[in-house]
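I have placed the structure first, in the form of structure tokens, so that the comments after it can refer back to it.
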Amino acid sequence: MDPLKALADAERKPYWLDSPARPEPRPRLDQTTSADLVVVGGGFSGLWTALMAKERDPSLDVVLLEGRRIGWAATGRNGGFCMATLTHGLANGLERWPDEIGRLERMGVANLDEIEQTLERYGVDCSFERTGELHVATEPWQLDGLREHLELISELGLDYVPLDQEQVRAEVNSPTYLGGLWERSGCAMLDPARLAWGLREACLRLGVRVHERTPVRSLRDDGTTITLRTPYGAVAARQVALGTGVFPPLLRRLKHFVVPVYDYALMTEPLTDVQLAEVGWRNRQGVGDSGNQFHYYRLTDDNRILWGGYDAVYYNGGLVKPEYEQRDETFVKLAEHFYETFPQLDGVRFTHRWGGVIDTCSRFSAFYGQAHGGRLAYATGYTGMGVGATRFGANVMLDLLSGESTERTELRMVKEKPMPFPPEPVRSGVIQFTRWSIAQADQNQGKRNLWLRALDRMGLGFDS
Ligand SMILES: Cc1cc2nc3c(=O)[nH]c(=O)nc-3n(C[C@H](O)[C@H](O)[C@H](O)COP(=O)(O)OP(=O)(O)OC[C@H]3O[C@@H](n4cnc5c(N)ncnc54)[C@H](O)[C@@H]3O)c2cc1C
2 MDPLKALADA ERKPYWLDSP ARPEPRPRLD QTTSADLVVV GGGFSGLWTA LMAKERDPSL
62 DVVLLEGRRI GWAATGRNGG FCMATLTHGL ANGLERWPDE IGRLERMGVA NLDEIEQTLE
122 RYGVDCSFER TGELHVATEP WQLDGLREHL ELISELGLDY VPLDQEQVRA EVNSPTYLGG
182 LWERSGCAML DPARLAWGLR EACLRLGVRV HERTPVRSLR DDGTTITLRT PYGAVAARQV
242 ALGTGVFPPL LRRLKHFVVP VYDYALMTEP LTDVQLAEVG WRNRQGVGDS GNQFHYYRLT
302 DDNRILWGGY DAVYYNGGLV KPEYEQRDET FVKLAEHFYE TFPQLDGVRF THRWGGVIDT
362 CSRFSAFYGQ AHGGRLAYAT GYTGMGVGAT RFGANVMLDL LSGESTERTE LRMVKEKPMP
422 FPPEPVRSGV IQFTRWSIAQ ADQNQGKRNL WLRALDRMGL GFDS
């Protein structure tokens, strides 16, 4: 189908947020008050932090301040792949923290199990389905990558099933597939906006004071408390947790470590039973292909297909702007790739197109830290894989604020920081050249040029 025609009626807004289940915003903060803990940011990072702070100590007075609406940013716009990995995939974790990877994998699976248990405990209905993820190869060189991956996995005893071409097409029927690997328990599919709203509800039930449309403009350290100023009120906090993602940081040092990268997605109309039968997909896994520029896709509970990824766009200057959330060039490309992957779905149209901004750092996985004499903690840099890992990051922030040493705070992964990005305009030049090199590698059987190999050797990179 002509991609332009297929996109013609697609709404320019995130599918998940365009829902009657979206709750009315909580009132702004309009007074001067105090609290034991103020959490800044109403995405997954902030919501998990506030919720678990109350679970750890119900007597704690916790305030959550969100500048716009709960879950409006990356949290309400993502693919909904809730993964066990804490390290942006096994290969990245193994390369950076080989001595800890077994422990990190175990802690990641425990984190995913605990997310599932939390949803049951609070009755959060976010269509959580622990289907796993299917990694598919669409080029011969990607099969080698999957084979290498399998060797790593077998050493760690993880639950992966290798699939040959016939087997992978029996799972999901695409003529482009050459083989695959089904990671069976390390990933769940969910509706991210309904998860965020469910966490908001759970926070409110435990007594967290949630204020939306309340941007924090500044922090002032008074020696014993930190005062957070907002346009209509202020809070004096004994402790602060920042879950502010990629947005202009309240802690200046963070701006050297995180850059905004835009990622885009489409949603189809619901498939008919006949269309779904033509694709198979009975086990409803999330799917990711294995290029450096990869697509991710999955079914929703009403059998639409979310189709995203491929382009990861850094706009020179590194600003976060609403106009970057739409990119027609990318939407057309994504639609073309969709029909190449599923020619049997020719004629299926798209109902939504949107983009969102990712907090990319040079080690691809979150980093953590403290400031203001230990009274403030932060976690950011999830680089496009934070649906599950933000809960782990929230626990790290609470551990750090408690001042106690835990299994989490003793991890090298938690103690180390990523390499900072160079300042602008060098930053834009370096990132755009890296993006170009990555695209070239995909055109050239995965062969990485001198620049990418040098970055690999330094443990640096650029990813969505
Ligand atoms: C298109 C897309 C697809 C993705 N797909 C996946 C996926 O399938 N799986 C996966 O694991 N990850 C995915 N991600 C990444 C994932 O969505 C994020 O890692 C995760 O949502 C990060 O949550 P967060 O709370 O840290 O950040 P955010 O969701 O960005 O929330 C930060 C919040 O802080 C608020 N804030 C910032 N500054 C202030 C301030 N000064 N005062 C008050 N509030 C403030 C913002 O308004 C915002 O609501 C995707 C991301 C995108 C954009």
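My numbering applies: residue 2 is where the sequence shown begins, and numbers increase by one. Backbone N, C-alpha and C fix where the C-beta goes; we use that ideal spot for every residue, glycine too.
Are L456 and Y233 close, meaning C-beta to C-beta below 8 Å? Your numbering for residue 456 matches position 455 in the sequence shown. Your numbering for residue 233 matches position 232 in the sequence shown. No; because the gap between Cβ atoms is not below 8 Å, this pair is not in contact.
Alpha carbon to alpha carbon, how far is E411 from P344? On the sequence shown, residue 411 is found 410 positions in, with the first residue counted as 1. On the sequence shown, residue 344 is found 343 positions in, with the first residue counted as 1. Distance between the alpha carbons of E411 and P344: 50 Å.
Is V262 helix, strand or coil when you go by DSSP? Counting from one through the sequence shown, the residue named residue 262 turns up at place 261. Here V262 sits in strand by DSSP.
For D114, report the span of its alpha helix (DSSP H) as first-last. For the purposes of this step, residue 114 is taken as residue 113 along the sequence shown, with counting starting at 1. Where D114 is concerned, the enclosing alpha helix (DSSP H) stretches over I102 to Y123.
Closer than 7 Å: is that where the CB of A237 sits relative to any heavy atom of ligand 1? On the sequence shown, residue 237 is found 236 positions in, with the first residue counted as 1. For ligand 1, not one heavy atom lies less than 7 Å from the Cβ of A237.
Would you identify the three-state DSSP class for I71, choosing helix, strand or coil? Here residue 71 refers to the residue found at position 70 when the sequence shown is read from its first residue. I71: coil per DSSP, three-state reduction.
Helix, strand or coil at E56 [DSSP, three-state]: The sequence position of residue 56 within the sequence shown is 55, counting from 1. Three-state DSSP puts E56 in a helix.
Any chance the CB of Y106 is under 7 Å from a heavy atom of ligand 1? Translated into positions along the sequence shown, residue 106 becomes position 105. Checking the sequence, you will find Glu at residue 106 rather than Tyr. For ligand 1, not one heavy atom lies less than 7 Å from the Cβ of E106.
Please indicate yes or no: does the CB of V333 lie closer than 7 Å to some heavy atom of ligand 1? For the purposes of this step, residue 333 is taken as the residue at position 332 of the sequence shown. Flag unset: Cβ of V333 not near ligand 1.
Cβ-based burial, D290 [other Cβ within 10 Å; buried from 16]: Along the sequence shown, one-based indexing puts residue 290 at 289. It is buried - the Cβ of D290 has at least 16 other Cβ atoms within 10 Å.
Taking the beta strand (DSSP E) that Y379 belongs to, which residues open and close that run? The residue given as residue 379 occupies position 378 in the sequence shown. Per DSSP, the continuous beta strand (DSSP E) segment holding Y379 begins and ends at L377 to T381.
Please determine if the region 38-50 and the region 381-393 are in contact, where contact requires at least 3 C-beta pairs separated by less than 8 Å. yes
Buried or exposed by the 16-neighbour rule on C-beta atoms within 10 Å, applied to N445: As a position in the sequence shown, residue 445 is number 444, starting the count at 1. So N445 ends up on the exposed side.
Got a sec? Which residues, its chain only, sit under 6 Å from D3 by beta carbon, not counting five neighbours each side? Against the sequence shown, residue 3 aligns to sequence position 2. Result list for D3: empty, nothing under 6 Å.
Going along the chain, which residues of its own chain have a beta-carbon closer than 6 Å to the beta-carbon of N174, five neighbours each way excluded? Here residue 174 corresponds to residue number 173 of the sequence shown, with the count starting at 1. V280 and G281.
How would you call V275, buried or exposed, if buried means at least 16 neighbouring beta carbons within 10 angstroms? Translated into positions along the sequence shown, residue 275 becomes position 274. It is exposed - the Cβ of V275 has fewer than 16 other Cβ atoms within 10 Å.
Measuring from the CB of Y383, is there a heavy atom of ligand 1 at a distance below 7 Å? Sequence index remark: in the sequence shown, residue 383 carries index 382 (1-based). Yes, the beta carbon of Y383 sits closer than 7 Å to at least one heavy atom of ligand 1.
In terms of residues, what are the limits of the beta strand (DSSP E) holding E184? The residue labelled residue 184 in the question sits at position 183 within the sequence shown. Unbroken beta strand (DSSP E) run through E184: G180 to E184.
Assigned exposure category for T50 - 16 Cβ within 10 Å defines buried: Here the question's residue 50 lines up with position 49 in the sequence shown. When all chains shown are included, T50 counts as buried.
Can you check which of these residues, R350, T86, L191 and R122, is closest to A111 by C-alpha distance? Residue mapping note: residue 111 aligns to position 110 of the sequence shown, counting from 1. When only C-alpha atoms are compared, the closest one is T86.
Taking Cβ positions, are A189 and L91 nearer each other than 8 Å? As a first step, residue 189 must be located in the sequence shown, where it is residue number 188. As a first step, residue 91 must be located in the sequence shown, where it is residue number 90. Cβ distance not < 8 Å, so A189 and L91 don't count as in contact.
Spatial neighbours of R413 within its chain, please: CB distance less than 7 Å, with the 5 preceding and 5 following residues excluded, ordered by chain position. Residue mapping note: residue 413 aligns to position 412 of the sequence shown, counting from 1. If we look at R413 and ignore the five residues flanking it on each side, its Cβ neighbours are W98 and E101.
Could you tell me the alpha carbon to alpha carbon distance between S403 and A278, rounded to whole angstroms? Along the sequence shown, one-based indexing puts residue 403 at 402. Along the sequence shown, one-based indexing puts residue 278 at 277. Approximately 52 Å, taken between the alpha carbons.
Note down, in chain order, each residue of its chain lying with its Cβ closer than 6 Å to the Cβ of Y16, except the 5 sequence neighbours on either side. Reading the sequence shown from its first residue, position 15 is the one you call residue 16. Excluding positions up to five away in sequence, the list reads M268 and H353.
DSSP on S35, reduced to helix/strand/coil? In the sequence shown, counting from the first residue as 1, residue 35 sits at position 34. Strand.
Report the residue from D264, S406, S186 and R454 whose alpha carbon sits nearest the alpha carbon of M84. As a working note, residue 84 is residue 83 in the sequence shown. Among D264, S406, S186 and R454, the Cα nearest to that of M84 belongs to S186.
Can you give the Cα-Cα distance for L135 and K416, rounded to whole angstroms? To locate residue 135, count along the sequence shown from 1; it is residue 134. To locate residue 416, count along the sequence shown from 1; it is residue 415. Whole-angstrom Cα-Cα distance: 32 Å.
Do the CB positions of D1 and G292 come within less than 8 Å of each other? The first residue shown for the chain is 2 and the last is 465, placing residue 1 beyond what the model contains.
Whole angstroms are fine: how far does the CA of T226 sit from the CA of I359? On the sequence shown, residue 359 is found 358 positions in, with the first residue counted as 1. On the sequence shown, residue 226 is found 225 positions in, with the first residue counted as 1. Going by the C-alpha atoms only, they are around 31 Å apart.
In three-state terms, what does DSSP make of E202? Residue 202 sits at position 201 when you count from the first residue of the sequence shown. In this structure, E202 counts as helix in the three-state DSSP scheme.
Hey, would you say V349 sits closer than 8 Å to R328, going by beta carbons? Here residue 349 refers to the residue found at position 348 of the sequence shown. Here residue 328 refers to the residue found at position 327 of the sequence shown. For V349 and R328, no; Cβs fall outside 8 Å.
Taking Cβ positions, are Y297 and F82 nearer each other than 8 Å? By one-based count along the sequence shown, residue 297 stands at place 296. By one-based count along the sequence shown, residue 82 stands at place 81. Yes, the pair counts as a contact, with Cβ atoms nearer than the cut-off.
Do P261 and G319 have their C-beta atoms within less than 8 Å of each other? Mapped onto the sequence shown, residue 261 falls at position 260. Mapped onto the sequence shown, residue 319 falls at position 318. Cβ atoms of P261 and G319: closer than 8 Å.
Per-residue burial, N317 [other beta carbons within 10 Å of its own, 16 or more giving buried]: The sequence position of residue 317 within the sequence shown is 316, counting from 1. It is exposed - the Cβ of N317 has fewer than 16 other Cβ atoms within 10 Å.
Below 8 Å on the Cβ atoms is my guess for T361 versus T384; work out the distance and round it to an integer in Å. Along the sequence shown, one-based indexing puts residue 361 at 360. Along the sequence shown, one-based indexing puts residue 384 at 383. Correct: roughly 5 Å between the Cβ atoms.
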